[in-house]
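Enquirer: Quick note: to get the numbering used here, add 13 to the position in the sequence shown (first position is 1).
The C-beta atom is built at its ideal place from N, Cα and C for all residues, glycine as well.
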Amino acid sequence: MKVLVAGGTGFVGTALVRELTARNHEVSVLSRSPAEADVPPGVDRIALDLTSAHADAVTEAVAGHDAVVNLVALSPLFTPSGGTETHETVHLGGTEALVTAAEAANVSRFVQMSALGADVDGDTHYIRAKGQAEAVVRDSSVDWVIVRPSVVFGDGGEFVRFTRLLTTPYVSWLPGGGFTRFQPLWVGDVAPMVADCVDEEDRDGETYELGGPEVLTLADVARRIYTAEGQSLRVLPIPMPLARFGLTIGGSVPGFPMGPDQYRSLRFDNTVDGGDPNENDVHAFGVDPAALRTLDDYLAGDDAGGSETDSGSVFVGTETLGLFAFLSLAWFLPGVVDIYSVPGLVLLFIPSYLVAMVFYDGVFGLGAFVYALEGVVGKSPHLWQAGLLVTYYLFSVAAVTLGRALERRFSPVPADAEPSDPQ
């Protein structure tokens, strides 16, 4: 069978292409820049951007293939460089282009990689775009299969890296204490199931929700990552309203990697029917959930290197968001007070603000020290860590200085004080 894998040079695509070639399929990969991709010998490479290519070019790329697998996607873990609306451009627009081409080329099967929770009325741009893309596939004239996995981990993936980005060793703050639940699935287990959807005609019209062998909270995932590296982790909660405020403000800053969508995604679980192993559709592929590879096994294995685990300790996580939120409050609330002239609110706000700033200054000082120590004696000593360390200390100094400035600015003036005589 001749199979076109759109997004075949990505994380899941690389594993799927290897699986399909091992099954003796003729495989082509379609991506924006496939020339340097690591693909098996004999795999054709097609350079094409589905979001901007002319319809005739997409049809030409699809023509001659028996099946199309659509893996083109953006990560829900980070804000796209083009903004959250880019999810619709890539997920919906890309799917529409492929489906239209598949219909024109009389493709016999279309496999759509979606996501758990995909819903046209979902809470995030990512979930809504995935739901809209599913609707396009279902309304098409091609025989289709939809696969909805939970988060997928493995070499080249982002889930472990994302968790490390939110945390530091020993002590970390997570929104809500990291209560969001996931059902992580190893990419090496996902690829054969997607390949089965390509091979087996009796799967047409089915939607499969796939989860891993265990349900883990974000805090559980973080602890296991650091335990595998011989480090401990204690997770402390950031109140969800504060996390929302910090991510909303942060999302408005150009280049900030997260925003309101990431906050909203942390409010709902990413599991198959609450994590019930009996409802996990891996059974439809003859797989026992208990036989799937666990996150612990992956982290302890020899193939656990690469970008998922050897990313160093990147201290730009929730401590940063917390301080950023407090700094934002420091500018916003005094402004409200100044406008409405409510001195009593000032008296209540300033002491609590100073306490919060002193606390977070201590957190930053300790965290930055641990971060630098990790870089020097750990696995990933990099010069840029020293630069970030200096930046964090400057933030700490700015936090305390700003607190003192606000205290002087809003110190109550005695009611019987005589106004000064301007000269």
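Assuming K15 and D69 make a contact with CB atoms under 8 Å, what is their CB distance in whole Å?
Expert: In fact, because the Cβ distance is near 20 Å, the residues do not count as touching under 8 Å.
Enquirer: Work out the CA separation of V295 and E171 for me, nearest whole Å.
Expert: Approximately 22 Å between the Cα atoms of the pair.
Enquirer: Pick helix, strand or coil for R122, following the three-state DSSP scheme.
Expert: R122: strand per DSSP, three-state reduction.
Enquirer: Mark D202 as exposed unless 16 or more other C-beta atoms lie within 10 angstroms of its C-beta, in which case mark it buried.
Expert: Looking at its Cβ environment, which holds 16 or more other Cβ atoms inside 10 Å, D202 is buried.
Enquirer: Between which two residues does the beta strand (DSSP E) carrying R161 extend?
Expert: Run containing R161: 157–162, per the beta strand (DSSP E) assignment.
Enquirer: With a 10 Å radius around its C-beta and 16 neighbouring C-beta atoms as the bar for buried, classify H100 as buried or exposed.
Expert: By the neighbour-count rule (16 or more Cβ atoms within 10 Å), H100 is buried.
Enquirer: Within the same chain, show all residues whose beta-carbon is closer than 6 Å to that of G26, passing over the 5 residues directly before and after it, in chain order.
Expert: Cβ neighbours of G26 beyond the five flanking positions: V18, G20, L84.
Enquirer: Measure the C-alpha to C-alpha separation of E116 and G225 and round it to an integer number of angstroms.
Expert: Rounded to the nearest angstrom, the two C-alpha atoms are 33 Å apart.
Enquirer: Rounded to whole angstroms, what's the CA-CA distance from S245 to T284? Just pull it up for me.
Expert: Distance between the alpha carbons of S245 and T284 is about 26 Å.
Enquirer: Under DSSP, the beta strand (DSSP E) around V82 begins and ends at which residues?
Expert: 80–83 is the extent of the beta strand (DSSP E) around V82.
Enquirer: Given that a residue counts as buried once 16 or more other Cβ atoms are within 10 Å of its Cβ, and exposed if not, what is A66?
Expert: Counting Cβ neighbours within 10 Å, A66 comes out buried, since at least 16 surround it.
Enquirer: Counting pairs of beta carbons, one from the region 111–126 and one from the region 140–153, are three or more of them closer than 8 Å?
Expert: Verdict: yes, contact present.
Enquirer: What three-state label does DSSP hand S185 in the structure shown?
Expert: Correct three-state label for S185: strand.
Enquirer: How far does the beta strand (DSSP E) with S41 in it extend, from its first residue to its last?
Expert: Element bounds for S41: 39–44.
Enquirer: Let me know the secondary structure DSSP gives L17 once reduced to three states.
Expert: The answer is strand: DSSP assigns L17 an E or B state.
Enquirer: Is it true that the CB of H104 sits closer than 7 Å to the CB of A142?
Expert: Against a cut-off of 7 Å, the Cβ pair of H104 and A142 comes out as a contact.
Enquirer: Between the alpha carbons of G10 and E73, how many angstroms are there, rounded?
Expert: This structure cannot settle anything about residue 10, because the visible part of the chain is limited to 14 through 436.
Enquirer: Count the other C-beta atoms from every protein chain shown that fall within 10 angstroms of the C-beta of E222, then say buried if there are 16 or more, exposed otherwise.
Expert: Classification for E222: buried.
Enquirer: Helix, strand or coil: how does DSSP classify R280 here?
Expert: The answer is coil: DSSP assigns R280 none of H, G, I, E or B.
Enquirer: Determine, using beta carbons only, whether Q145 and V164 come nearer to each other than 7 Å.
Expert: Going by C-beta atoms, Q145 is not nearer than 7 Å to V164.
Enquirer: Could you spell out where the beta strand (DSSP E) holding D57 opens and where it closes?
Expert: Its beta strand (DSSP E) spans residues 57–60.
Enquirer: In the DSSP assignment, find the unbroken beta strand (DSSP E) run with E222 in it and report its ends.
Expert: Segment 220–223, the beta strand (DSSP E) holding E222.
Enquirer: Taking the C-alpha atoms as reference points, what is the distance between A303 and N293?
Expert: Approximately 11 Å, taken between the alpha carbons.
Enquirer: May I have the straight-line CA-CA distance separating E109 from P273, to the nearest angstrom?
Expert: Each residue's Cα considered, the two are about 27 Å apart.
Enquirer: For P3 and L279, what's the separation of their Cα atoms in angstroms?
Expert: No statement about residue 3 is possible, as the shown extent of the chain runs from 14 to 436 and does not include it.
Enquirer: Quick check: what's the CA-CA separation for D136 versus P54?
Expert: One C-alpha to the other measures close to 42 Å.
Enquirer: Assuming contact is defined by CB atoms lying nearer than 7 Å, are T22 and P47 in contact in what I supplied?
Expert: Result yes, Cβ atoms of T22 and P47 sit closer than 7 Å.
Enquirer: Out of G169, A86, G189, A114, which one is the CA nearest neighbour of S140?
Expert: First, the amino acid is wrong: residue 140 is Ile here, not Ser. Among G169, A86, G189, A114, the Cα nearest to that of I140 belongs to A86.
Enquirer: Please confirm whether G191 and V248 have their CB atoms less than 7 Å apart.
Expert: Closer than 7 Å, so yes.
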